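For the sequence shown, the numbering used here puts the final residue at 483, and the numbers step up evenly by one.
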Amino acid sequence: MRWFRWGRDRRRAVPSDAPADGALPELTVDQAARLASTARQAFAECGVETVIGDGALHGADGNVLGLSNLAQIAAGTPEREWPSLLRRHAQVMVAAQELPVPQDLDAVRDQVFLRVLPAADLPFPVVDPLMSVGDLVGVLSIDYPEHISTLTRAEDIERLGGRDAVHEVAHTNLLGLRADTVTVLGGDDPDQGTVHLSLGGFFNASRMFVLDAVLRQDFGLESPSHGVLVAVPNRHVLAVHPLTGIDCVQAVQTLVALARGESDRPGGVSPHVYYWRDRRWEQVTRDSDDGSIEVDATGMFGEAMKEIGLLGED
Numbered sequence: 170m171r172w173f174r175w176g177r178d179r180r181r182a183v184p185s186d187a188p189a190d191g192a193l194p195e196l197t198v199d200q201a202a203r204l205a206s207t208a209r210q211a212f213a214e215c216g217v218e219t220v221i222g223d224g225a226l227h228g229a230d231g232n233v234l235g236l237s238n239l240a241q242i243a244a245g246t247p248e249r250e251w252p253s254l255l256r257r258h259a260q261v262m263v264a265a266q267e268l269p270v271p272q273d274l275d276a277v278r279d280q281v282f283l284r285v286l287p288a289a290d291l292p293f294p295v296v297d298p299l300m301s302v303g304d305l306v307g308v309l310s311i312d313y314p315e316h317i318s319t320l321t322r323a324e325d326i327e328r329l330g331g332r333d334a335v336h337e338v339a340h341t342n343l344l345g346l347r348a349d350t351v352t353v354l355g356g357d358d359p360d361q362g363t364v365h366l367s368l369g370g371f372f373n374a375s376r377m378f379v380l381d382a383v384l385r386q387d388f389g390l391e392s393p394s395h396g397v398l399v400a401v402p403n404r405h406v407l408a409v410h411p412l413t414g415i416d417c418v419q420a421v422q423t424l425v426a427l428a429r430g431e432s433d434r435p436g437g438v439s440p441h442v443y444y445w446r447d448r449r450w451e452q453v454t455r456d457s458d459d460g461s462i463e464v465d466a467t468g469m470f471g472e473a474m475k476e477i478g479l480l481g482e483d
């Protein structure tokens with residue numbers, strides 16, 4: 170195996186002399202405990218009893234309410250504002266759970282999307298996910314005005330017409346989305362590795378599941394012959410670099426820095442970099458035990474590196 174390695178590049182949002190919480194690293198251990206306790210109280214006021222554990226609230230019905238996104242928001246919010254922040258969150262979440270499940274696909278046809286999420290953050294196991302890319306999965310969801318509802322139960326999907334029918338609609342709706350802003354990082358110096366950046370709405374990162382269309386629509390790239398490197402650090406950001414030559418080494422560093430920095434924000438998706446070619450995916454970066462970032466130049470990515478002359482034949 171061949172690996173590139175970069176040093177530690179993980180932002181620490183807590184004071185250097187205070188230990189970060191293991192499950193919610195944006196906060197200190199004490200802050201995380203206070204956040205979880207305040208969140209538990211907010212849900213209790215809405216009639217939902219939970220217990221605290223592993224950076225989440227666990228309900229008696231088996232539901233798990235993750236606190237990672239809330240921790241990212243709380244890290245930049247004065248603690249005196251946490252109770253009102255968490256109360257609003259609990260009210261929205263409980264109201265969402267009380268909404269009736271749609272009985273007909275036509276009733277939500279324009280609201281169904283395929284959404285990218287970190288598999289580890291899901292409060293439920295995903296059996297036979299619609300899409301799977303390294304540590305990410307694609308799940309069916311409905312975009313309501315005040316929240317996103319994830320379709321987790323097979324009977325709900327069947328009620329809407331079945332997995333294939335709902336997936337087709339979700340895929341079509343993703344194709345209909347467009348970026349709000351498209352820009353280029355490193356465009357003044359091609360040797361530094363040009364990274365094309367797409368910024369958009371809630372499902373912009375989820376457009377990775379229709380990447381061939383995004384490459385054309387957002388970046389004017391038609392079927393890059395050696396594939397592309399991709400980062401989806403949070404739900405609003407999608408970044409790509411088409412492989413052409415030595416500049417991909419610098420582009421990987423740019424993508425890693427972007428992914429690490431932007432995934433710490435609310436709505437974070439992934440701190441990793443992926444490789445895409447001919448509608449096939451693989452994850453190419455991973456965390457090492459010492460906190461550095463490793464890039465695996467094997468698999469499809471390794472073959473592409475050989476094609477552009479950056480790796481020799483084994």
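All residues carry an ideal CB built from backbone N, CA and C; glycine is no exception. Quick caveat, the model's predicted, so the values are computed rather than measured.
For residue 325, the three-state secondary structure derived from DSSP is helix.
Distance from residue 398 to residue 420 at the Cβ level is roughly 6 Å; contact confirmed, criterion being Cβ atoms closer than 8 Å. Distance from the CA atom of residue 402 to the CA atom of residue 424, rounded to whole angstroms, is 9 Å. It is roughly 48 Å from the alpha-carbon of residue 467 to the alpha-carbon of residue 252.
Boundaries of the alpha helix (DSSP H) around residue 416: 416-431. Under the DSSP assignment, residue 312 falls outside any alpha helix (DSSP H), being part of the beta strand (DSSP E) whose first and last residues are 305-312. Pairwise C-beta distances place the region 244-264 out of contact with the region 223-230, as fewer than three of them are shorter than 8 Å. According to the DSSP assignment, residue 338 belongs to the alpha helix (DSSP H) that extends over 332-344. Spatial neighbours of residue 384 in its own chain (CB-CB distance under 6 Å, excluding positions within 5 residues in sequence) are listed in chain order as 390. Relative to residue 440, the option among 283, 447, 318, 464 whose CA is nearest is 464. Spanning the alpha carbons of residue 406 and residue 369 requires a straight line of approximately 7 Å. Unbroken beta strand (DSSP E) stretches of 3 residues or longer found wholly inside the region 207-259: 219-222, 225-228, 233-235, given in chain order. Collapsing the DSSP output to three states places residue 456 in a strand. Pairwise C-beta distances place the region 302-322 out of contact with the region 240-256, as fewer than three of them are shorter than 8 Å. Residue state for residue 282 is assigned as strand, using DSSP reduced to three classes. In this structure, the CA atom of residue 446 is about 7 Å from the CA atom of residue 395. A direct Cα-to-Cα measurement between residue 417 and residue 362 gives close to 6 Å.
Excluding five sequence positions before and after residue 351, the CB atoms of its chain that fall closer than 6 Å to its own CB belong to 367, 387, given in chain order. Judged by DSSP secondary structure, residue 476 falls outside any beta strand (DSSP E) and instead within the alpha helix (DSSP H) spanning 468-476. Looking from the CA of residue 349, the closest CA among 476, 213, 373, 204 belongs to 373.
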